[in-house]
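Residue numbers (our numbering), protein chains in the order written: chain A, 2 to 203; chain B, 175 to 348.
In what follows, a structure is listed as structure tokens, so that the remarks can point back to it.
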């Protein structure tokens, strides 16, 4: 009984070494995300685990002030309206330090969510500890997760920020549709222009 | 007497009528790629991606004008690539150029398919602006974020050249 245990330990070590070499600083597609607990604009604390009937999530790092986030605001609302009933609700997270951009303060988030009637949770990463785990580096930056919180898509919402009518590829929609069919999203990673995330000055 | 009024009225209008810095609009990234490839192998091209709506970009913009003033005609060229919305060119972009005296070359890039062209600018670029890419021959380097001071930008260029064993070119006019 001793050697199988030893082999297991060795395997575990090998696995740790292998995965450590694979950019350990933030999640990549295929990684399982840890749950978080962040304050929503309605005052409650929200975690993935609160969504007991969800099949997955459309997680979007976004904010009030960024013109690119504003260009996508309507489309993020539409994503939630289309997919929350199919088990993929939108969770939006504002990662910005309001000392740098006052427009992204919690109070301003509450106002914006109200005036634009956000149908989804709009959370504040006030300690700026969640967005680095995901490797979010701009707003908006989208992540599609499956039921097990495994990240299945990272990137842009679609391929035309300025003109919604001219969109050819709806990356997030395609990813969710693939997961609904039990298929692997393709592409599972795209890039997009956005605003930098405003990190607290030390 | 009437003429004096007319002349003074006209002179007040002149600043509004003067065009801002001229610029080209590229709808396709390949046009920008061509522009970059036209640069001499011995010239360091400093390409900054910015937009009038991006406040950290606007803050660092004067550093690029300073670099242009200090080193142009001296193997350093500055290229400012705006990602402003083409649909808001008349309301936002052109008035901004009229108001600010920006001397380096300006291009408005309206290619929306960013997933296609971001990696062609630099493999490491996540897509957030501002970003600055240095190009010299087949060498490239990237700085993601805002240059706080002019010296940070100048050092970034100097280090890039140093890695190739090249000194910083002489200052313009010296």
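All C-beta atoms in this analysis are idealised placements derived from N, C-alpha and C, irrespective of residue type, glycine included.
On a predicted model such as this, the values are computed, not experimentally measured, just so you know.
Quick check on DSSP: helix, strand or coil for residue 196/A? strand
Are the segment 213-233 of chain B and the segment 55-65 of chain A touching by the rule of at least three beta carbon pairs closer than 8 Å? no
Counting beta carbon pairs with one atom in the segment 259-271 of chain B and one in the segment 134-141 of chain A, are three or more of them shorter than 8 Å? no
Rounded to whole angstroms, how far is the Cβ of residue 132/A from the Cβ of residue 96/A, which I believe are closer than 8 Å? 4 Å
Coil, strand or helix - residue 224/B by DSSP: strand
Cβ neighbour criterion (16 or more within 10 Å) applied to residue 90/A: buried
To the nearest angstrom, how far is the alpha carbon of residue 224/B from that of residue 273/B? 17 Å
Looking at chain B, is there any beta carbon in it that lies within less than 8 Å of the beta carbon of residue 155/A? no
Could you check the C-alpha separation between residue 181/A and residue 149/A for me, to the nearest Å? 14 Å
Is there a Cβ from chain B that is less than 8 Å from the Cβ of residue 76/A? no
Fully enclosed by the segment 216-282 of chain B, which alpha helix (DSSP H) runs are 4 residues long or longer? 229-245 and 268-273
Just the C-alpha distance for residue 54/A and residue 82/A, rounded to the nearest angstrom, thanks. 16 Å
Find the nearest neighbour of residue 126/A within the set 72/A, 46/A, 117/A and 169/A, judged by alpha-carbon distance. 46/A
Does DSSP classify residue 169/A as helix, strand or coil? coil
is_contact[residue 23/A, chain B] using C-beta, thresh 8 Å: Legend: pLDDT at residue 23/A = 49, less than 50; position of this residue unreliable, value from coordinates given subsequently. Judged by the 8 Å Cβ criterion, residue 23/A is not in contact with chain B.
Pick helix, strand or coil for residue 342/B, following the three-state DSSP scheme. coil
Under a Cβ-count criterion, where at least 16 other Cβ atoms within 10 Å of its own Cβ denotes burial, should residue 108/A be classed as buried or exposed? exposed
What residues of chain A sit near residue 257/B, judged by a beta carbon separation below 7 Å? 194
Looking at the structure shown, is residue 76/A part of a helix, part of a strand, or coil, going by DSSP? helix
Go to residue 335/B, then tell me how far its alpha helix (DSSP H) extends in each direction, as first and last residue. 324-337
Rounding to the nearest angstrom, what Cα-Cα distance links residue 36/A and residue 120/A in this structure? 21 Å
Just checking, does the segment 194-206 of chain B make contact with the segment 231-246 of chain B on the three C-beta pairs under 8 Å criterion? no
Say whether the segment 160-176 of chain A touches the segment 313-321 of chain B, bearing in mind that this needs 3 or more beta-carbon pairs closer than 8 Å, one atom from each stretch. no
What did DSSP end up calling residue 354/B once you bin it into helix, strand or coil? Since the displayed chain B opens at 175 and closes at 348, residue 354/B lies outside it and no answer follows.
In terms of DSSP beta bridges, what is residue 1/A paired with? In the structure displayed, chain A extends from 2 to 203; residue 1/A sits before or after that span and is not available.
Tell me, please, which residues DSSP counts as bridged to residue 46/A. 40/A
Run through chain B and tell me which residues come within less than 9 Å of residue 160/A, C-beta to C-beta. 286, 287, 288, 289 and 290
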